[in-house]
Structures are given as structure tokens and as C-alpha cells.
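Residue numbers (the numbering used here): 23 to 195.
First comes the structure, then the notes that go with it.
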């Protein structure tokens, strides 16, 4: 017969540790140079259309070259959220705390210029902050906030955004 001590679950997943948090804090403000490849480097006609249809938005400004040609832009414009496809960090890729659960929770954007058909998009990202929270859901958790800046092929700053994930211990959540 099992005892209460034997019935208590053990930790099955990696935990948030002070060492892991110290490593993350060292990364605050440091440009990220090694990350996964984005879904799109260029705002091609097909890339814009596939993204637009994928999220259910068939606005002719994104999808119809004849319509877009008659606008102030003179060409197809990428949806503002298309930039999510040009950088994986903005959409929730988080470094550090290996094996610790990360849930994408939001982004705050500032757009400066539209991304036009055939623009080449580059980005720069860094860890901006690490904020501790006490939650009912998972107890101690950390909001890991990144900042990402987006540029076109001319070096124009087209947008900037803060994006965050919450890091929680899986066994607690």
C-alpha cells in the first residue's frame, strides 16, 4: 500500500533557479546575435498574401496589386503584424532557463513606416527586463521582456516593439 509520501509527485521538469535567473539578468541590454531563422526576410507578394490569408484578412491593400497601385503607396503593403514573421523573438522565442515553460503573453508595437512589397526586413533584439510576479496559476513566475527594432533595406526604422513571455515552473502550473 502506498503512503502519502510515496503519492507526492516529484519534479518532472526543469525548475527556475537562481543561477538561471542570474544568467538571464547578465543578458539584459545585450544585443542578441544568435537566434533562430525568421519565417520571412522579405515582404514578397506571396509572403504578404499568404500571411494575410492565414490570419483571415483579405484586404485588397495587402492582396490585390491593381488596387494597391492606385493608393498613396503605389504597391502592395504588408500588414503591420507581418513583422511577427520577420523575427522569432517578437513572437515568443525566449532564451535562457532551459526547459522552463515559456508562454507568449503579448507585445506593444510602435510603427514608424509601412513595409512595402519587396522590402527586405532586418531586426535587432535584446532582453529588456526580467520582472518577478507571484501568481495563483504557477506561484513564482517571471515576465521576460524583449525589445525588437525592425528596419527596411534602406536602414529606415519601420517599427519597434516590446514582447514578453511568462516563465513558469511546469510542475507548479
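Where a beta carbon is used, it is the ideal one built from N, C-alpha and C, also for glycine.
The model shown is predicted, which means the values in this text are computed figures rather than measured ones.
Measure from the alpha carbon of residue i to the alpha carbon of each residue in the options, then state which is nearest.
| i | options | result |
| --- | --- | --- |
| residue 128 | 84, 167 and 34 | 167 |
| residue 156 | 110, 190, 51 and 85 | 190 |
| residue 37 | 182, 184 and 162 | 162 |
| residue 159 | 70, 125 and 64 | 125 |
| residue 105 | 154, 139, 119 and 123 | 139 |
| residue 172 | 121, 83 and 102 | 102 |
| residue 33 | 137, 185, 184 and 121 | 121 |
| residue 143 | 169, 118 and 176 | 176 |
| residue 100 | 70, 182 and 150 | 70 |
| residue 59 | 83, 150, 145 and 82 | 145 |
DSSP three-state call for residue i: helix, strand or coil?
| i | result |
| --- | --- |
| residue 66 | coil |
| residue 204 | Since the displayed the chain opens at 23 and closes at 195, residue 204 lies outside it and no answer follows. |
| residue 83 | helix |
| residue 134 | coil |
| residue 182 | strand |
| residue 188 | strand |
| residue 72 | helix |
Between which two residues does the beta strand (DSSP E) harbouring residue i extend?
| i | result |
| --- | --- |
| residue 154 | 144-157 |
| residue 45 | Run containing residue 45: none in the beta strand (DSSP E); it sits in the alpha helix (DSSP H), 40-49. |
| residue 61 | Counting along the chain, residue 61 falls outside any beta strand (DSSP E), and DSSP gives it neither H nor E. |
| residue 169 | 161-173 |
Are the Cβ atoms of residue i and residue j separated by less than 8 Å?
| i | j | result |
| --- | --- | --- |
| residue 180 | residue 134 | yes |
| residue 62 | residue 108 | yes |
| residue 54 | residue 147 | yes |
| residue 183 | residue 112 | yes |
| residue 114 | residue 46 | no |
| residue 74 | residue 80 | yes |
Decide if residue i is buried, meaning its Cβ has at least 16 other Cβ atoms within 10 Å, or exposed.
| i | result |
| --- | --- |
| residue 141 | buried |
| residue 57 | exposed |
| residue 89 | exposed |
| residue 95 | exposed |
| residue 35 | exposed |
| residue 98 | buried |
| residue 44 | exposed |
If you follow the alpha helix (DSSP H) that residue i is part of, which residue opens it and which one closes it?
| i | result |
| --- | --- |
| residue 90 | 87-91 |
At a Cβ threshold of 8 Å, is residue i touching chain D?
| i | result |
| --- | --- |
| residue 80 | Among the chains in the structure shown there is no chain D, since it carries only a single protein chain. |
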